[in-house]
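Undergrad:
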Amino acid sequence: MLTVDFTRFPLAAGDRVLDLGCGAGRHAFECYRRGAQVVALDQNAEEIREVAKWFAAMKEAGEAPAGATATAMEGDALNLPFPDASFDVVIISEVMEHIPDDKGVLAEMVRVLKPGGRIAVTVPRYGPEKVCWTLSDAYHEVEGGHIRIYKADELLGKIREAGLKPYGTHHAHALHSPYWWLKCAFGVDNEKALPVRAYHKLLVWDIMKKPLATRVAEQLLNPVVGKSFVAYATKPHLPKAEA
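By UniProt numbering, the letter at position 227 of the sequence shown is numbered 227, and the numbering carries on one by one without gaps.
If you want it as structure tokens, here you go:
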């Protein structure tokens, strides 16, 4: 399940891509399939080990084209272990709401991004996320949980302050908002509640089968209750020095 829309955020073969806070690796895997030179970075050592195994399995199965590369590594989003202007593309998906110093993370992303490079930022959308916070303290008060809810204008303002130029936004995963509302209403850790179990089965079926009816429904509902807000931006080229 991808949050970044690669029809709006296309990659070229050979693009150097950083998936920052990659988690289980969903966007990193897609970039690898598209022929990029991918670095998947996360502070969670266990997840990084699993991502590395999947990269190896994808290579063995021939899922990535010739020339594509993939590396999984531990790292700190506030102190990235890369020189300036190392990447053509940086993706950070459902991460910034967890980090106290979100401006520091954006500054590091800008530092390692090449002039003319692009970023994709995804965060939980304000409305659906606010419902979750209202229904359940446990949803966001866990260690490492969400510490803020972004309004769209707030996030775009921080992106601009970091020196980037936003060029597009959209919402995603409308069908997932009711699932999280149900989990918050019945208990975040209560997997036995019948409504939660039933809706989870629906989501798994939708992800596996991708039926036209639910694809159309989600596209229609995304502007209203899409679970994620997605923003795309570019790093301007430096002005040429006068002779």
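Cβ atoms here follow ideal geometry from the backbone N, Cα and C, with glycine treated the same way.
Is Pro236 helix, strand or coil by DSSP?
TA: Counting from one through the sequence shown, the residue named residue 236 turns up at place 236. Annotated three-state conformation of Pro236 is coil, per DSSP.
Undergrad: Is there contact here, the stretch 204–212 with the stretch 126–140, by at least three beta-carbon pairs under 8 Å?
TA: no
Undergrad: Classify Asn222 as helix, strand or coil using the three-state DSSP reduction.
TA: On the sequence shown, position 222 is the one that residue 222 refers to. In this structure, Asn222 counts as helix in the three-state DSSP scheme.
Undergrad: Within a Cβ cutoff of 8 Å, which residues of the same chain sit near Pro83, ignoring the five residues on either side of it in sequence?
TA: Working through the sequence shown from its first residue, we reach residue 83 at position 83. For Pro83, where only same-chain residues beyond five positions count, the Cβ hits under 8 Å are Val112.
Undergrad: Sort out for me which residues DSSP pairs Leu18 with in a bridge.
TA: The residue labelled residue 18 in the question sits at position 18 within the sequence shown. For Leu18, which the question treats as bridged, DSSP gives the partners Val39, Val90.
Undergrad: Which stretch, first to last residue, makes up the alpha helix (DSSP H) that contains Leu113?
TA: Residue mapping note: residue 113 aligns to position 113 of the sequence shown, counting from 1. Note, Leu113: premise wrong, no alpha helix (DSSP H); beta strand (DSSP E) at 113–124.
Undergrad: Just how far apart, CA to CA, sit Thr122 and Gly163?
TA: Here the question's residue 122 lines up with position 122 in the sequence shown. Here the question's residue 163 lines up with position 163 in the sequence shown. Straight-line Cα distance between these residues: approximately 18 Å.
Undergrad: Give the C-beta separation of Ile99 and Val90 to the nearest angstrom, bearing in mind that I take them to be a contact with Cβ-Cβ under 8 Å.
TA: Looking up residue 99 in the sequence shown gives position 99. Looking up residue 90 in the sequence shown gives position 90. Incorrect: roughly 15 Å between the Cβ atoms, too far for contact.
Undergrad: Considering only residues of the same chain and omitting the five flanking positions on each side of Asp5, which have a CB-CB separation below 8 Å?
TA: The sequence position of residue 5 within the sequence shown is 5, counting from 1. Excluding positions up to five away in sequence, the list reads His170, Ala172, Val230.
Undergrad: Give every residue of the same chain whose Cβ lies closer than 8 Å to the Cβ of Gly75, excluding the five residues on either side of it in the sequence, and list them in chain order.
TA: Locating residue 75 in the sequence shown gives position 75, where the first residue counts as 1. The residues are Leu41, Asp42, Gln43, Pro81.
Undergrad: Distance, Cα to Cα, Ala66 vs Val38?
TA: Along the sequence shown, read from residue 1 onward, the residue named residue 66 stands at position 66. Along the sequence shown, read from residue 1 onward, the residue named residue 38 stands at position 38. Taken atom to atom, the span from the alpha-carbon of Ala66 to that of Val38 is near 13 Å.
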